[in-house]
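Student: Order-wise, the sequence lines are chains A and B. The first sequence runs 909 to 1135 under our numbering. The second sequence runs 5 to 208 under our numbering. Below you'll find the structure I mean.
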Amino acid sequence: MDVGDPVSQGMIYDAQGADEIIVVDIEASRDQRLVDTRIINKMITKCRLPIAAGGGIRNVEDACRCFSEGADKIVVNTHAILNQKLIGSLAKEFGNQSVVVSVDVKKKPDGTYGVYVFSGMQYVEEDLTTLLRRVVDSGAGEVVVTCIDREGTLQGFDVDLYRTIRNLVSVPLIASGGAGCYDHMVDLFRETDCDACTVGKMLFLRDYDIVRIKAYLKGEHVIVRDA
Amino acid sequence: MKIGIVNNSLGNVGSVYSALQFYHYDVHLVSKAAELKTVDVIILAGVGNFPTAVRKLKRYRLWEPLNEHVLGRRKPVLGICLGMQLFADVSLEGGRTEGFGWIHGEVKKIEGDALRLPHMGWNEARGNGHPLFADMKTDFFYFMHSYHFVPVEQSVVVGMTCYEGVDIVSAVHQGNVVGVQFHPEKSQGNGLRLLRNYLKVAAS
Chain A
909 MDVGDPVSQG MIYDAQGADE IIVVDIEASR DQRLVDTRII NKMITKCRLP IAAGGGIRNV
969 EDACRCFSEG ADKIVVNTHA ILNQKLIGSL AKEFGNQSVV VSVDVKKKPD GTYGVYVFSG
1029 MQYVEEDLTT LLRRVVDSGA GEVVVTCIDR EGTLQGFDVD LYRTIRNLVS VPLIASGGAG
1089 CYDHMVDLFR ETDCDACTVG KMLFLRDYDI VRIKAYLKGE HVIVRDA
Chain B
5 MKIGIVNNSL GNVGSVYSAL QFYHYDVHLV SKAAELKTVD VIILAGVGNF PTAVRKLKRY
65 RLWEPLNEHV LGRRKPVLGI CLGMQLFADV SLEGGRTEGF GWIHGEVKKI EGDALRLPHM
125 GWNEARGNGH PLFADMKTDF FYFMHSYHFV PVEQSVVVGM TCYEGVDIVS AVHQGNVVGV
185 QFHPEKSQGN GLRLLRNYLK VAAS
C-alpha cells in the first residue's frame, strides 16, 4: 500500500509529537541493496526528532553511510540474523545505543515462534530465544520484535509473544505489528512490560493521530511523553 | 543577525541548519576561518568523539580563529552536545584532551550504580528561570551522550537533568558562551523554542 512520501509522512508524525521515527526500506535486503540514504538526510533536515533508519545494512560501511547522512540509530534485521558477527562489529564501532535490531516472527502451529528474514520470505533455523539472547549479548541497544501475522491487520498486538520474550531482552523492547485502535496499546502496556510500540498502518489510514493516541493512553494511566 | 554553524568537524549538522532556516534566520555553514569573520553568532553542534573533534577543528584551522572570535571579539557562541563539552578545559574521553577552556571545568564519563550508558532518549531538563527555557510547554529534550560537562563554578549552570539518580548539567551560560547538553534540533517544539530563545539571549 503506497501511503505517500516518507519525508512528508515523517513531518506529520513529528508535528503530532511522535517520540521517534523508524524508517526502513523493507525490500532492500531482498534486492541486495542499501536503503536510499538521501531519504534519511531529507528526513533529518525536515523533522525535529530522533530517527532510526535501516534497510539492507550488511556491514560497518553501510551503517557509516546511514550515520553520515544523519541517522541517530540504525536498524538491522536480515543481516544481523544471518551474520552472527555483524551486531558485535556495529556496536563496537558506533556504540550499543545506536544499534537497533529488528526481528520478524511468525507463530507456528505448536504455539512457538519462528524467525524470518528477507521481509518474511525466508525461514531461519535459529530459535527465537537463542537469537534474542545472542543479539542482546553481542550489543543490540534496542530490540524491535514484529509479529508478521499481525502486521497490517489492525487486530492488536500479539500480547503473549511479548510476555514470553520480555525476560530474554534486557534492553528496551519495542512491540510491532497489529496496532489498530487505542485499546490495543493500552492492552499491550498493561499486559506486558514493553518499553514502546510502533504504529504504522493505523496512522497511515488517518483515522487516528499521535496527539489523540497519547491523550488516550495518558487517560488510561500509561506513561507517555508530553509533546 | 548572521548565524554560522561550524561544519565538517562534529558530525552531521543538517538538522541544526534546517531548524534555524525554518524560522528564516540568516544561517550559514562555516568551514573556513575567513567565513567566521562574517557571522554574528557561532554554533558548535554535533555528536561524536571529543579528541576527534578537537583534531578536526585544528586540521581545518578553525581552532585558533574560534578562540579569537569567542574570547577576543566576544561573539556569542552556542554549543550543542559535544559542542558544549568543547567549552571545557579538558575532557577525559579517550585519554586527556584539552578543550577551549571558555568555561572552566572537565568533561567526564557519567558515573553511577548500574547505569546504562549512553544516556540516550527523552529526558527532562529543568531551567533555573534562565531565558533560554522561557515559555516551554514541557521540560522534555532529546539526549544522546556518555560524557558530561562538570563546570568548576556552579554559577554558570542554568539547566539540570537527572539521569537514573545522577545529576547532569544540561545547560550553561557564561557571558557570550551558552551550551546545552541535549539536542534542541531533535527536540520538536521545545527545541525550536529554545533555539529562538537562545538567539534572543545572543542579541541582547
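Ideal Cβ positions, reconstructed from N, Cα and C, are used throughout, including at glycine.
Excluding sequence positions up to five away, which residues of its chain have a Cβ less than 8 Å from the Cβ of Met-1110(A)?
Tutor: In the first sequence, residue 1110(A) corresponds to position 202, counting from 1. Cβ within range, chain order: Leu-1062, Ala-1087, Gly-1088, Cys-1089, Tyr-1116.
Student: Anything in chain A within Cβ reach of Gly-195(B), meaning under 7 Å, just list it in chain order.
Tutor: Counted from its first residue, the second sequence places residue 195(B) at position 191. What Gly-195(B) touches in chain A: Arg-956.
Student: For His-28(B), is the classification buried or exposed, using 16 other Cβ atoms within 10 angstroms of its Cβ as the cut-off for buried?
Tutor: Your numbering for residue 28(B) matches position 24 in the second sequence. By the 10 Å Cβ count, His-28(B) comes out exposed.
Student: According to DSSP, simplified to helix, strand and coil, what is Ala-38(B)?
Tutor: For the purposes of this step, residue 38(B) is taken as residue 34 along the second sequence, with counting starting at 1. DSSP places Ala-38(B) in helix when its eight states are reduced to three.
Student: Just the Cα atoms here: how many angstroms apart are Val-31(B) and Asn-949(A)?
Tutor: As a first step, residue 31(B) must be located in the second sequence, where it is residue number 27. As a first step, residue 949(A) must be located in the first sequence, where it is residue number 41. Answer to the nearest angstrom: the Cα atoms are 18 Å apart.
Student: What is the residue span of the alpha helix (DSSP H) that Ala-57(B) lies within?
Tutor: Locating residue 57(B) in the second sequence gives position 53, counting from the first residue. Note, Ala-57(B): alpha helix (DSSP H), 54–63.
Student: Strictly below 8 Å CB to CB, what residues from chain B border Gln-917(A)?
Tutor: As a working note, residue 917(A) is residue 9 in the first sequence. By Cβ distance, chain B contributes nothing, its closest Cβ being about 16 Å from Gln-917(A), past 8 Å.
Student: Run through the DSSP bridge pairs and tell me what Val-1051(A) is partnered with.
Tutor: Sequence index remark: in the first sequence, residue 1051(A) carries index 143 (1-based). Beta-bridge pairing links Val-1051(A) to Val-1009(A), Leu-1081(A).
Student: Alpha helix (DSSP H) containing Asp-1091(A): first to last residue?
Tutor: Here residue 1091(A) is taken as the residue at index 183 of the first sequence, counted from 1. Asp-1091(A) -> alpha helix (DSSP H) spans 1090–1099.
Student: If the criterion is Cβ atoms closer than 8 Å, does the pair Ser-1084(A) and Cys-1105(A) meet it?
Tutor: As a position in the first sequence, residue 1084(A) is number 176, starting the count at 1. As a position in the first sequence, residue 1105(A) is number 197, starting the count at 1. Contact flag set, yes.
Student: When you measure from the CB of Ala-1048(A) to every non-hydrogen atom of the ligand FAD, does any distance come out below 7 Å?
Tutor: Of ligands this structure carries none, so the ligand FAD is not represented either.
Student: Ordered along the chain, which non-local residues of its own chain (more than five positions away) have a Cβ less than 6 Å from that of Ile-995(A)?
Tutor: On the first sequence, position 87 is the one that residue 995(A) refers to. Correct list, in chain order: Ala-988, Val-1043, Ser-1046, Gly-1047, Ala-1048.
Student: Does chain A have any CB closer than 8 Å to the CB of Pro-55(B)?
Tutor: Indexing the second sequence from 1 puts residue 55(B) at position 51. Not an interface residue.
Student: Does chain A have any CB closer than 8 Å to the CB of Thr-101(B)?
Tutor: On the second sequence, position 97 is the one that residue 101(B) refers to. With 8 Å as the cut-off, Thr-101(B) does not count as an interface residue toward chain A.
Student: Relative to the C-alpha of Arg-956(A), which candidate in Ser-208(B), Trp-126(B), Gly-109(B), Asn-201(B) has its C-alpha closest?
Tutor: Translated into positions along the first sequence, residue 956(A) becomes position 48. The residue with the shortest Cα to Cα distance from Arg-956(A) is Trp-126(B).
Student: In this structure, does DSSP put Ser-1046(A) in helix, strand or coil?
Tutor: Position 138 of the first sequence holds residue 1046(A). Of the three classes helix, strand and coil, the one that applies to Ser-1046(A) here is coil, per DSSP.
Student: Using a Cβ-Cβ distance under 8 Å, would Ser-35(B) count as near chain A?
Tutor: Here residue 35(B) refers to the residue found at position 31 when the second sequence is read from its first residue. No, Ser-35(B) lies away from the interface with chain A (no Cβ there is under 8 Å from its Cβ).
Student: Cα separation between Gln-924(A) and Glu-68(B)?
Tutor: Position 16 of the first sequence, counted from the first residue, corresponds to residue 924(A). Position 64 of the second sequence, counted from the first residue, corresponds to residue 68(B). Roughly 43 Å separates the two Cα atoms.
Student: Rank Asp-944(A), Ile-952(A), Ile-1056(A) by C-alpha distance to the C-alpha of Asn-16(B) and give the top, closest one.
Tutor: Counted from its first residue, the second sequence places residue 16(B) at position 12. The residue with the shortest Cα to Cα distance from Asn-16(B) is Ile-952(A).
Student: Name the chain A residues whose beta carbon is nearer than 8 Å to that of Ala-23(B)?
Tutor: Walking along the second sequence from the start, residue 23(B) turns up at place 19. Neighbours of Ala-23(B) on chain A, chain order: Arg-956.
Student: At what residues does the beta strand (DSSP E) containing Met-1029(A) begin and finish?
Tutor: Looking up residue 1029(A) in the first sequence gives position 121. Looking at the DSSP string, Met-1029(A) is not in any beta strand (DSSP E), and its letter there is neither H nor E.
Student: May I ask you to list the residues that DSSP assigns as paired with Pro-1017(A)?
Tutor: Here the question's residue 1017(A) lines up with position 109 in the first sequence. Its beta-bridge partners do not exist; DSSP assigns none.
Student: Given that a residue counts as buried once 16 or more other Cβ atoms are within 10 Å of its Cβ, and exposed if not, what is Pro-1017(A)?
Tutor: Working through the first sequence from its first residue, we reach residue 1017(A) at position 109. Per the 10 Å Cβ criterion, exposed.
Student: Could you spell out the range, first to last residue, of the alpha helix (DSSP H) harbouring Thr-945(A)?
Tutor: As a working note, residue 945(A) is residue 37 in the first sequence. That run of the alpha helix (DSSP H) goes 945–954.
Student: In the structure shown, what three-state DSSP assignment does Gln-89(B) receive?
Tutor: Translated into the one-based positions of the second sequence, residue 89(B) becomes position 85. Helix at Gln-89(B).
Student: Counting only runs that start and end within the region 96–146 of chain B, where is the alpha helix (DSSP H) found for 4 or more residues in a row?
Tutor: Those alpha helix (DSSP H) runs which fall completely within the region 96–146 of chain B and span 4+ residues do not exist here.
Student: Need the endpoints of the alpha helix (DSSP H) that Gly-195(B) sits in, please.
Tutor: The count along the second sequence starts at 1 and reaches residue 195(B) at position 191. Note, Gly-195(B): alpha helix (DSSP H), 192–207.
Student: Out of Leu-196(B), Phe-137(B), Val-94(B), which has the shortest C-alpha to C-alpha gap to Tyr-151(B)?
Tutor: For this step, residue 151(B) is matched to residue 147 along the second sequence. Cα-wise, what sits closest to Tyr-151(B) is Val-94(B).
Student: Measure how close the beta-carbons of Gly-962(A) and Val-932(A) come, nearest whole angstrom, since I'm counting them as under 8 Å.
Tutor: Your numbering for residue 962(A) matches position 54 in the first sequence. Your numbering for residue 932(A) matches position 24 in the first sequence. Sure, about 5 Å apart at Cβ, within 8 Å.
Student: Give the range of the beta strand (DSSP E) segment to which Cys-972(A) is assigned.
Tutor: Within the first sequence, the letter at position 64 stands for residue 972(A). No beta strand (DSSP E) contains Cys-972(A), which is instead part of the alpha helix (DSSP H) from 968–976.
Student: Can you have a look at Glu-102(B) and say buried or exposed, based on whether 16 or more other CB atoms are within 10 angstroms of its CB?
Tutor: As a first step, residue 102(B) must be located in the second sequence, where it is residue number 98. It is exposed - the Cβ of Glu-102(B) has fewer than 16 other Cβ atoms within 10 Å.
Student: Of all Cβ atoms in chain A, is any one closer than 8 Å to the Cβ of Lys-112(B)?
Tutor: Working through the second sequence from its first residue, we reach residue 112(B) at position 108. No - not a single Cβ of chain A is within 8 Å of the one on Lys-112(B).
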